[in-house]
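Chemist:
In this note's numbering, the protein residues as written are 29 to 84.
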């Protein structure tokens, strides 16, 4: 990854300013990992037969 080698991910000063302003305006940042969201999404899409909830 770029960070592992000390390469900055945001190199444009205008983008840095906009990013800092966006973070400042966002009072509640959710630090949940992307894996958590994907796992939650998959559990919502599981068919009833896979969970044992068969409706006949």
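Glycine residues also receive a C-beta, built at the ideal position from the N, C-alpha and C atoms.
No experiment lies behind these values; they were computed from the predicted model shown.
Reducing DSSP to helix, strand and coil, say where residue 43 ends up.
Modeler: helix
Chemist: Using the C-alpha atoms, what's the distance from residue 45 back to residue 59?
Modeler: 21 Å
Chemist: Using a Cβ-Cβ distance cut-off of 8 Å, determine whether residue 58 contacts chain D.
Modeler: Chain labels in this structure do not include chain D; a single protein chain is all it has.
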